[in-house]
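When we follow the numbering used here, the leftmost residue of the sequence shown carries the number 546, and every step to the right adds one. In this text, a Cβ means the ideal position worked out from N, Cα and C, and glycines have one as well. One structure is given here, and the rest of the page talks about it.
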Amino acid sequence: MTPTHERAARTNTHERSARTKDPHPQYTPLPGEMRRMLLLHMPAAIDEMEEAVRTGLPHYTHIVDGTYGYSVRQIIDRTVNCFVSIHDTGRPGPAATAEIIALYERIGARHGRLGCPLDVLRDALDLAGRVACRRLIKDAYRLHWPAPLLATLTEDTFTLIGTAIAAATRGYTEESHRAPLDVQRDRLRDALVAEPDDRARPLAELAAAADWRLPRTLAVLALPPGDHPQTHVLPPEILADRSPAAPYLILPNPRTPGPRWLPKTRGAALGPVVPADRGAVSLRWARRGLDLVERGALPADTPLRCVDHVAVLTAFRSGDLLEAAAAELLGPLLELPPRRREPLLETLLVYLRCGDNAVLTAERLHVHEQTVRYRLRQITQLTDGNCPDSERHLETMLVLTRLLSPGTADRGTAGWRAGAGEAVDAARAHPPVRPRQA
Numbered sequence: 546m547t548p549t550h551e552r553a554a555r556t557n558t559h560e561r562s563a564r565t566k567d568p569h570p571q572y573t574p575l576p577g578e579m580r581r582m583l584l585l586h587m588p589a590a591i592d593e594m595e596e597a598v599r600t601g602l603p604h605y606t607h608i609v610d611g612t613y614g615y616s617v618r619q620i621i622d623r624t625v626n627c628f629v630s631i632h633d634t635g636r637p638g639p640a641a642t643a644e645i646i647a648l649y650e651r652i653g654a655r656h657g658r659l660g661c662p663l664d665v666l667r668d669a670l671d672l673a674g675r676v677a678c679r680r681l682i683k684d685a686y687r688l689h690w691p692a693p694l695l696a697t698l699t700e701d702t703f704t705l706i707g708t709a710i711a712a713a714t715r716g717y718t719e720e721s722h723r724a725p726l727d728v729q730r731d732r733l734r735d736a737l738v739a740e741p742d743d744r745a746r747p748l749a750e751l752a753a754a755a756d757w758r759l760p761r762t763l764a765v766l767a768l769p770p771g772d773h774p775q776t777h778v779l780p781p782e783i784l785a786d787r788s789p790a791a792p793y794l795i796l797p798n799p800r801t802p803g804p805r806w807l808p809k810t811r812g813a814a815l816g817p818v819v820p821a822d823r824g825a826v827s828l829r830w831a832r833r834g835l836d837l838v839e840r841g842a843l844p845a846d847t848p849l850r851c852v853d854h855v856a857v858l859t860a861f862r863s864g865d866l867l868e869a870a871a872a873e874l875l876g877p878l879l880e881l882p883p884r885r886r887e888p889l890l891e892t893l894l895v896y897l898r899c900g901d902n903a904v905l906t907a908e909r910l911h912v913h914e915q916t917v918r919y920r921l922r923q924i925t926q927l928t929d930g931n932c933p934d935s936e937r938h939l940e941t942m943l944v945l946t947r948l949l950s951p952g953t954a955d956r957g958t959a960g961w962r963a964g965a966g967e968a969v970d971a972a973r974a975h976p977p978v979r980p981r982q983a
């Protein structure tokens with residue numbers, strides 16, 4: 546891009562941001578081949594944009610990485626992904642841009658809380674926009690795009706930048722009208738769920754400024770998207786994040802099973818109780834629990850307590866590894882049709898959880914004790930006595946928890962069965978060496 550084009554791009558960006566009134570502008574869908582090309586070159590474009598912003602605005606990128614909850618790269622990544630999505634024929638404009646609007650409204654609000662002017666955000670978007678235009682022009686000449694297509698993509702680049710700036714301006718304006726104490730409480734809230742190295746000020750200092758008593762412990766309650774914390778009547782000691790995309794509450798010194806006022810929101814997830822300086826851990830697990838609730842792998846309790854579902858949460862965090870290990874641990878059982886396989890796997894899981902007690906297993910499954918023993922004999926026969934392996938109970942339980950969870954029970958069976966066939970062949974070729982009994 547020539548200097549003239551770059552100056553025009555900068556002017557166009559500011560003019561676009563000033564006149565962008567529609568928060569969900571319309572975009573022209575692109576052919577599938579063109580979208581695939583954009584996706585192919587997207588990682589390199591993100592790398593180049595990040596380098597341009599970090600080099601051009603080093604002080605600003607340091608502030609973003611330390612306090613905004615997103616790194617510079619994450620913001621660029623989500624913005625570029627949005628640019629590709631708005632040209633998808635299967636996604637309408639509002640659906641594709643809603644997430645990016647929410648992101649930039651939040652960024653604008655945090656600029657207001659920190660007293661950081663929006664001009665520097667505009668400069669960062671200008672730098673990224675110039676990179677985007679340079680790459681589009683280069684690809685247009687190299688791939689012989691028609692001129693109208695290049696014009697459309699360039700126009701849409703500036704339109705999206707204008708949408709982002711308009712959203713940031715709304716967030717900044719709303720934040721500037723808030724009471725000073727509310728601003729201090731939000732700063733404290735953000736610091737409590739930040740990693741320790743990312744905090745600019747000590748928690749005790751932030752708590753004093755917010756007139757908030759720093760607790761020994763806390764827990765974070767992640768709410769479903771769209772569940773606004775302001776709709777709940779909350780005690781003054783509760784700190785709330787009101788982001789519609791990912792709202793949450795910080796609960797100081799939580800009791801078990803939980804305070805009576807706790808919102809009875811279906812689908813909410815309560816993270817583990819942690820020391821006050823480790824709120825990021827509670828928020829991280831609360832959001833993982835929330836994700837599994839939305840996927841149907843965990844029940845939509847009111848709310849779900851993550852510490853009550855450690856096995857499922859752990860299994861899903863190591864899903865790929867456990868699915869790969871399933872063939873080795875369960876082998877021939879995975880080759881059975883579902884009507885035979887699932888009762889055997891469920892019986893084995895409950896049997897291991899009951900400490901190899903068939904009577905207790907029968908009670909929990911609501912079947913006769915002889916039914917349990919019959920299923921266990923089937924498992925032993927099918928696996929040549931290799932399952933259950935007394936030395937691998939924990940691994941087997943984790944694998945079974947993963948396979949039997951609602952979110953994965955019907956997914957990937959063919960892959961597990963294929964892996965099971967390979968594992969069976971390997972086991973027959975190299976049977977396990979068992980120690981001789983004295």
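What are the start and end residues of the alpha helix (DSSP H) that includes residue i?
| i | result |
| --- | --- |
| Ile-620 | 617-630 |
| Pro-725 | 725-737 |
| Leu-867 | 864-875 |
| Glu-750 | 748-754 |
In the structure shown, what three-state DSSP assignment does residue i receive?
| i | result |
| --- | --- |
| Pro-781 | coil |
| Ala-813 | coil |
| Met-587 | helix |
| Ala-842 | coil |
| Thr-600 | helix |
| Val-857 | helix |
| Arg-947 | helix |
| Pro-797 | strand |
| Asp-743 | helix |
| Pro-820 | strand |
| Asp-786 | strand |
| Ala-791 | coil |
| Asp-592 | helix |
Who are the near neighbours of residue i in its chain, counting only those whose CB is closer than 6 angstroms to its CB and skipping five residues on each side?
| i | result |
| --- | --- |
| Val-818 | Thr-762, Ala-764, Pro-799 |
| Arg-680 | Ala-590 |
| Phe-628 | Leu-705 |
Counting contacts by CB-CB distance shorter than 9 angstroms, is residue i in contact with chain D?
| i | result |
| --- | --- |
| Leu-794 | In the displayed structure, chain D is absent; only one protein chain is listed. |
Taking the beta carbon of residue i as the centre, do at least 16 other beta carbons fall within 10 Å, making it buried, or is it exposed?
| i | result |
| --- | --- |
| Ala-959 | The predicted position of Ala-959 is uncertain, since its pLDDT is 47 and thus under 50; no value can be drawn from it. |
| Asp-735 | buried |
| Leu-904 | The question names Leu, but residue 904 is Val in the sequence shown. Label assigned to Val-904: exposed. |
| Asp-727 | exposed |
| Ala-597 | buried |
| Leu-733 | buried |
| Pro-882 | exposed |
| Tyr-896 | buried |
Take residue i and list the residues in its own chain whose beta-carbon comes closer than 7 angstroms to its own, dropping the five residues that flank it on each side.
| i | result |
| --- | --- |
| Leu-843 | Gly-834, Leu-837, Leu-849, His-854, Val-857 |
| Ala-790 | Glu-644, Ala-647, Pro-770 |
| Leu-759 | Leu-748, Ala-749, Ala-752, Ala-821 |
| Val-625 | Met-587, Ala-590, Ile-591 |
| Arg-920 | Pro-888, Leu-889, Thr-892 |
| Leu-949 | Leu-890, Glu-891, Leu-894 |
Cutting at 8 angstroms between CB atoms, please list the residues of its own chain near residue i, excluding the five before and the five after it.
| i | result |
| --- | --- |
| Thr-928 | Leu-875, Gly-876, Pro-877, Leu-878 |
| Glu-740 | Ala-825 |
| Ser-788 | Ala-647, Arg-651 |
Hey, quick one: how far does the beta strand (DSSP E) through residue i stretch, first residue to last?
| i | result |
| --- | --- |
| Val-852 | Unbroken run through Val-852: none, as it is neither H nor E. |
| Ala-767 | 762-767 |
Notebook entry, point to check: For the stretch 879-919, which segments carrying the alpha helix (DSSP H) assignment without a break, of at least 4 residues, lie completely within its bounds, in sequence order?
Noted result: Correct list: 883-898, 903-910.
Checklist line | Whole alpha helix (DSSP H) elements within the stretch 628-715, 4-residue minimum | finding: Runs found: 638-659, 664-688.
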